[in-house]
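*Asks:* Just so you know, we're using the working numbering here: the sequence shown kicks off at 2 and counts up by one.
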Amino acid sequence: MKNLIIVESPAKARTITNFLGKDFKVIASKGHIRDLPKSTFGITIDDETGDLVPKYSIPRDANATVKELKKLAKEAETVYIATDEDREGEAIGYHIAKAIGKEPTELPRIVFHEITKSAIEHALENPRKIDMDSVDAQQTRRLLDRIVGYKLSPLLASKIQKGLSAGRVQSATLKLVVDREREIKAFKPEEYWTIDALFQKEIEAAIYDYNGLKIEKLTIKTEADALEIVNAAQTESFIVSSIEKTQRKTKTPPPFMTSTLQQAASTQLGFSPKKTMMVAQKLYEGVKTDKGVMGVITYMRTDSLNLAKEAVDAARTHIQNIYGDKYLPAKPKNYATKSKGAQEAHEAIRPTMVEFDPKTAAGYLAADELKLYKLIYNRFLASQMTEALLESQTILFKGDKCTFKASGRKLLFDGFYKVTGYSEKDKLLPELKEGEAVTLDKIKKEQHFTEPPARYNEASLIKKLESLGIGRPSTYAPTITILQTRKYIEIEKKRIHPTEIAFTVIEMLEKHFPEIVDSNFTAQMEETLDKVAEGETDWQTILKEFYTPFIQKIEEGKKNIKSLKVATPTGEMCPKCDSELLLRKGRYGEFIACSNFPKCKYTKNTDGTEVEQPEETDEICEKCGSTMVIKNSKRGKFLACSAYPKCKNAKSLTPPKELDVPCPECGGKLQEREGRRGKFYGCTNYPKCKFIANFEPMDRKCPECDYMMGKKTLRGKEIYECFKCKHREEVK
2 MKNLIIVESP AKARTITNFL GKDFKVIASK GHIRDLPKST FGITIDDETG
52 DLVPKYSIPR DANATVKELK KLAKEAETVY IATDEDREGE AIGYHIAKAI
102 GKEPTELPRI VFHEITKSAI EHALENPRKI DMDSVDAQQT RRLLDRIVGY
152 KLSPLLASKI QKGLSAGRVQ SATLKLVVDR EREIKAFKPE EYWTIDALFQ
202 KEIEAAIYDY NGLKIEKLTI KTEADALEIV NAAQTESFIV SSIEKTQRKT
252 KTPPPFMTST LQQAASTQLG FSPKKTMMVA QKLYEGVKTD KGVMGVITYM
302 RTDSLNLAKE AVDAARTHIQ NIYGDKYLPA KPKNYATKSK GAQEAHEAIR
352 PTMVEFDPKT AAGYLAADEL KLYKLIYNRF LASQMTEALL ESQTILFKGD
402 KCTFKASGRK LLFDGFYKVT GYSEKDKLLP ELKEGEAVTL DKIKKEQHFT
452 EPPARYNEAS LIKKLESLGI GRPSTYAPTI TILQTRKYIE IEKKRIHPTE
502 IAFTVIEMLE KHFPEIVDSN FTAQMEETLD KVAEGETDWQ TILKEFYTPF
552 IQKIEEGKKN IKSLKVATPT GEMCPKCDSE LLLRKGRYGE FIACSNFPKC
602 KYTKNTDGTE VEQPEETDEI CEKCGSTMVI KNSKRGKFLA CSAYPKCKNA
652 KSLTPPKELD VPCPECGGKL QEREGRRGKF YGCTNYPKCK FIANFEPMDR
702 KCPECDYMMG KKTLRGKEIY ECFKCKHREE VK
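#1: From residue 733 to residue 694, what does the alpha carbon distance come to, in whole angstroms?
#2: Assign residue 474 to one of two classes, buried (16 or more other C-beta atoms within 10 Å of its C-beta) or exposed (fewer than that).
#3: Kindly indicate the opening and closing residues of the beta strand (DSSP E) around residue 526.
#4: As a quick exercise: from 33, 4, 83, 668, pick the residue whose alpha carbon is nearest that of residue 22.
#5: Hey, could you find the ends of the alpha helix (DSSP H) residue 558 is sitting in?
#6: With a cut-off of 8 angstroms on the beta carbons, I'd call residue 465 and residue 177 a contact; round off their distance for me.
#7: Assign residue 413 to one of two classes, buried (16 or more other C-beta atoms within 10 Å of its C-beta) or exposed (fewer than that).
#8: Among residues of its own chain, excluding the 5 on either side of residue 132, which ones have a beta-carbon nearer than 6 angstroms to its beta-carbon?
#9: Starting from the Cα of residue 51, find the closest Cα among 704, 110, 547 and give me that residue.
#10: Using only CA atoms, which one of 272, 60, 377, 222 lies nearest to residue 33?
#11: Could you say which of 534, 643, 297 lies nearest to residue 115 if we only look at CA atoms?
#12: Going by the DSSP bridge assignment, what does residue 129 pair with across the sheet?
#13: In chain order, what residues of the same chain lie with their CB nearer than 6 angstroms to the CB of residue 447, ignoring the 5 residues before and after it?
#14: For residue 731, count neighbouring C-beta atoms within 10 Å of its own C-beta (all shown protein chains included) and say buried if the count is 16 or more, exposed if not.
#15: Tell me which residue opens and which closes the beta strand (DSSP E) that residue 696 is part of.
#16: Please classify residue 68 as buried or exposed, where buried requires at least 16 neighbouring CB atoms within 10 angstroms.
#17: Taking 8 angstroms as the cut-off, does the segment 262–270 touch the segment 421–438 (at least 3 CB pairs, one atom from each stretch)?
#18: Less than 7 angstroms separating the beta-carbons of residue 188 and residue 576?
#19: Residue 193 and residue 403: beta carbons closer than 7 angstroms?
#20: Given a cut-off of 7 angstroms on the beta-carbon distance, is the pair residue 490 and residue 479 in contact?
#21: Output the residue ranges of the beta strand (DSSP E) runs that lie fully inside the segment 202–230 and measure 3 residues or longer, sorted by chain position.
#22: Tell me the DSSP secondary structure of residue 274 in three-state form.
#23: Does DSSP put residue 721 in a helix, in a strand, or in coil?
#24: Around the Cβ of residue 363, are there at least 16 other Cβ atoms within 10 angstroms (buried) or fewer (exposed)?
#25: For residue 665, count neighbouring C-beta atoms within 10 Å of its own C-beta (all shown protein chains included) and say buried if the count is 16 or more, exposed if not.
#26: Would you call residue 269 buried or exposed, if buried means 16 or more other Cβ atoms sit within 10 Å of its Cβ?
#27: Check whether the Cβ atoms of residue 419 and residue 324 lie closer than 7 angstroms to each other.
#28: Let's see if you can read the secondary structure: which residues bound the beta strand (DSSP E) around residue 682?
#29: Quick check on residue 242: does DSSP put it in helix, strand or coil?
#30: Quick check: what's the CA-CA separation for residue 351 versus residue 707?
#31: Quick check on DSSP: helix, strand or coil for residue 468?
#32: Quick check on residue 249: buried or exposed, where buried means 16 or more other Cβ atoms within 10 Å of its Cβ?
#33: Hey, which unbroken runs of the alpha helix (DSSP H) at 4 residues or more fall wholly within the segment 337–395?
#34: Please name the residue, chosen from 580, 531, 507, that lies closest to residue 598 on a Cα-to-Cα basis.
#35: Can you check the segment 158–194 for any beta strand (DSSP E) of at least 3 residues that lies completely inside it and give the ranges in chain order?
#36: Just verifying my parser: in three-state terms, what is the DSSP assignment at residue 83?
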């Protein structure tokens, strides 16, 4: 082996291996292999300079990977760092070099926007060095997040309740959700009326003008005003006072970047941002195609709208061949990125091969992969097509006092809608002449009330974060996920609702740490991080300017912030031990509990109903000897140790089903199990053996690599698929 290439993910490593010869070995670091410790703060202050020094360590579960990387790096003539092309990837590359005992700036660094043979070969021909400014920008972000998370979260826990957390981006995002809920609660509906009419038995029109007063949405405030207009109209004769026809072009949409892809996938496919990024990662790292395994989209974490000239040329040739000259603009289209700090050297999200169209892809991609790929493919093509042409029609029907307006429109030329689809129906108005008399056949008044602003859904919240400059492409989906995990928000019918504890946390932060929830402060910090990445600002200066006043506020908060952990006596006595019952606040709201806790664990709901107690069993916990009880979860009932949380032993009520086939990794037994994401198959020798499958393993060997195959359903057909090389065969 002459050359070692280190990437982040095993899937990426497998794909790149397909493109290179025997002189190259491609291995995955499996993400971060060196980071701040989880159990301690991990930052010290240099006594002489006052610099904040991160104390990085290698997590225990990365030890084996680091050991292998060191061994292979010693054997290789050249070690290439090939982590992702963003700042996070740059930092991971830096830490890989440090972990294997190499000087980061001396190793060749290769980057590519797509995982195709030509892109990998081009990257190897044009290596660069690790960009230390980008590494420092990522370190600044990491340390800022650690300072806020490890210093502010314990304060919230001590003053409000356990399990709470705060973060730079997380708390600013939560304030947006809470502020929207405050608007909704403060909203007072306003009455207004609309008046609609039907002319010539088929033309729908709305009131436009009354007695020279133009009628806007909230102009007609009472039923009496509406009735006056209706009565006047019913006594009048109407003529066509004006007819207008105007043509307008609908601009082509730009290609996707991370935020717009997440928004479109949410509204059109119903995908959560987290799911969108997981599926996009697969499409980027490598899937089966008609030309072998390769990445079929470019890098999915980007805030750039740039497109490679070669890609645009390929798209234009495809458009001309498939759709014809009228769908091809005279010149290629370029799009400017609006987001601050966008990394213009990157590309927008696009397909890597125009010839791999959705029709071809249908034979190779899984259902969700195909849906997202089709969305990306069609948007890319549309961005390079001609604009659509629509004709708008407006007719005014005038009486003595009342004027009504009828509107219609039709699609004259579909342009880019040829690939994205056009869902609206043409609303054509009949041919009339100015001055022509028309009949008023129907008229109706209708009462309405203004509605409060809508709660955010995941797509609209991401759009808001992007517009304010809060966070970056890689942070949108994880931010929403952590707010859910911390029980700060709940998503009901795709709308985001803040929980009661979210209001309590935001109120405290607004009063004592306003900068943490200030979207302007958070956005300015993102701009500052961009300056660090561009080499314009020293990273230690930024950290010191933030750290000193922030820690001072933390210390003041410990002394001065009033604790909200107030237990209010209820005047009732505990039915189990006769101690006083107290009203307490918990993560899920208020509840009543015994003051003799933890000796007495009696609790009940605030409405007086008893909290459902776990059902006792005769089974004994094999780990600690306590009684096992039956508890309820989202996935149904299960056995748990009554000594929880001291003992966390838990298991299924029914013994797991054992398979007839042995584990392909260690020869142990395989069992069918239930997890958070549903049914899966795992080895009983876990954690020594970590074989896991999400479809059923079979007693069948792969003809390609001799590894075990499993049975699954793909697009309605039963197939066998190899767990190792992904070779597929249809079940006969």
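No residue lacks a Cβ here, since even glycine has one placed at the ideal position from N, Cα and C. Computed from a predicted model, the values in this text were never measured in an experiment.
*Replies:* Let me spell this out:
#1: 22 angstroms
#2: buried
#3: Taken as a continuous stretch (DSSP letters only), residue 526 belongs to no beta strand (DSSP E), being part of the alpha helix (DSSP H) at 520–534.
#4: 4
#5: 540–561
#6: 6 angstroms
#7: Result: exposed.
#8: 91
#9: 547
#10: 60
#11: Nearest option by C-alpha distance: 297.
#12: According to DSSP, residue 129 bridges with 110.
#13: 195
#14: exposed
#15: No beta strand (DSSP E) contains residue 696, which DSSP labels as neither H nor E.
#16: exposed
#17: no
#18: No, they are not a contact pair.
#19: no
#20: Between residue 490 and residue 479, the CB-CB gap reaches or exceeds 7 angstroms.
#21: 204–211
#22: helix
#23: strand
#24: exposed
#25: buried
#26: exposed
#27: By the CB criterion at 7 angstroms, residue 419 and residue 324 fall inside the cutoff.
#28: Element bounds for residue 682: 679–684.
#29: strand
#30: The alpha-carbon atoms of residue 351 and residue 707 are separated by roughly 36 angstroms.
#31: helix
#32: With fewer than 16 other CB atoms across the displayed protein chains lying within 10 angstroms of its CB, residue 249 is exposed.
#33: 359–362, 368–384
#34: Answer by Cα proximity: 580.
#35: none
#36: Coil at residue 83, not helix or strand.
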